[in-house]
Amino acid sequence: MRSKDYRQEHLEKVIRLSLDQPYRWSAPFKSATELASHLKRLGKTFEAIQLSQGRLSGRFSYANFDSITILEISSNQCLLLNGDRGPDCMSFCLESSGVADEHKTHTLPVPKYSINGFKSNLRESHFQLTANTTTYFAITSAFKINTILDQHNAEALKEQFLNCNSAQITPSKHKKLKILLQEAISDSTTHHFTRQQTGNTIIKHFLDFFASTKEIECHPFELTQRQLLVKDLIQLGFNRGSEKLNLDSISKQLYCSKRTLIQGTKDAFEMGPMELMKIIRLEQVNWMLRSEEARSKATLRNVTDIAQHFNFHSRGHFARAYQNLFEESPSQTLQENGT
0 MRSKDYRQEH LEKVIRLSLD QPYRWSAPFK SATELASHLK RLGKTFEAIQ
50 LSQGRLSGRF SYANFDSITI LEISSNQCLL LNGDRGPDCM SFCLESSGVA
100 DEHKTHTLPV PKYSINGFKS NLRESHFQLT ANTTTYFAIT SAFKINTILD
150 QHNAEALKEQ FLNCNSAQIT PSKHKKLKIL LQEAISDSTT HHFTRQQTGN
200 TIIKHFLDFF ASTKEIECHP FELTQRQLLV KDLIQLGFNR GSEKLNLDSI
250 SKQLYCSKRT LIQGTKDAFE MGPMELMKII RLEQVNWMLR SEEARSKATL
300 RNVTDIAQHF NFHSRGHFAR AYQNLFEESP SQTLQENGT
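Position 312 of the sequence shown, counting from 1, maps to 311 under numbering that gives the first Met the number 0, and the rest follow consecutively.
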């Protein structure tokens, strides 16, 4: 085995943390963008939107175990997160029930009772979380995993992590992993060596499960141009939310045909690209109504100014669209978050 100095060298490659980052913390979120802000605190940049209708209530929890970091995300609404997991990052993710029907990675439904997100050379991150579910993310260094596999001459498993991003396991093994992650994220121990041992134990359990080839079915995965297009469209929506965009201009900026763009979003979300862009703009309005800092930075004060900033010029249409998605009025959101 390598020395403790080696493990410490790769600790910050797991998630870019500040030196004063606590061992564990937990916080609620009432919007998709607030969830993205919690991830930003850990050095991860994501765009996030709410896809289902209703008031959002969720909780984000984090625990650091030196060689691995555990995240727990619970939400009563369907959420989509889109971003970049960064260099030297590998994750093992599972939804707690094992049967969530709207969980997706890169627009593809995840198999029942599965581990997802472990493709070791994949930087892009795009996943959908089913409403009323809890999902666990065990994040570690791809370099560390490959080093362990090299030490055990596990070339087949190393190749599997390069080619696949999803693995279906038995319900009993899924339950064991879920309990392992639940107990870890609830662990209040602050002793560094103990937490380090816990992290190494979690990694060992995941690798042991993957080594049991008779009880696991891995699914090969390569990003398609259409999946990348959907990811780029969401990023464009957040970057250009205050600009007047139409289907022609979007397709030109993304170097694709309108037909490809329409088909890509309909296959992924059962809606067209302009409807998806509207949801992104509504998410941006929602966040600005909730964040006094964001309003101050944009020098916008009231609902009308914020709506027009994100290209909602019909007060009636905007109010109905906002109410339909978030089940509250824009003025109610603003009032509840300070004026």
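Virtual Cβ for every residue (Gly too), placed ideally from N, Cα, C.
Counting along the chain, the unbroken beta strand (DSSP E) around residue 70 starts and ends at 67-74. The residue among 67, 99, 250 and 325 with its C-alpha nearest the C-alpha of residue 286 is 325.
A direct Cα-to-Cα measurement between residue 145 and residue 34 gives close to 31 Å.
Distance between residue 312 and residue 103, taken at the CA atoms: about 34 Å. The stretch 177-185 makes no contact with the stretch 72-85; the number of CB pairs closer than 8 Å stays below 3.
The three-state reading of DSSP puts residue 128 in strand, counting E and B together. Scanning its chain for C-beta atoms nearer than 7 Å, with the 5 sequence neighbours on each side dropped, one finds around residue 188 the residues 194, in chain order. Straight across, the Cα-Cα distance linking residue 156 with residue 209 is about 7 Å. As the crow flies, the alpha-carbon of residue 307 is around 41 Å from that of residue 164.
For residue 58, there is no enclosing alpha helix (DSSP H); the residue is part of the beta strand (DSSP E) that begins and ends at 57-63. Counting C-beta pairs closer than 8 Å gives three or more between the stretch 132-139 and the stretch 90-104, which meets the contact rule. In the DSSP secondary-structure assignment, residue 218 is bridged to 165. In the DSSP assignment, residue 115 falls within the unbroken beta strand (DSSP E) covering 113-115. Judged by DSSP in its simplified three-state form, residue 321 adopts helix.
Contact annotation, residue 138 with residue 70: C-beta distance approximately 7 Å; criterion of less than 8 Å satisfied. Straight-line measurement puts the Cα of residue 207 at about 50 Å from the Cα of residue 294. Within the model, the alpha-carbon separation for residue 238 versus residue 47 is close to 13 Å. Beyond the five residues adjoining it in sequence on each side, residue 231 comes within less than 7 Å, by CB distance, of 253 in the same chain, given in chain order. Residue 61 and residue 38 have their C-alpha atoms some 10 Å from each other.
Each residue's CA atom was taken as its position, placing residue 314 and residue 43 some 35 Å apart.
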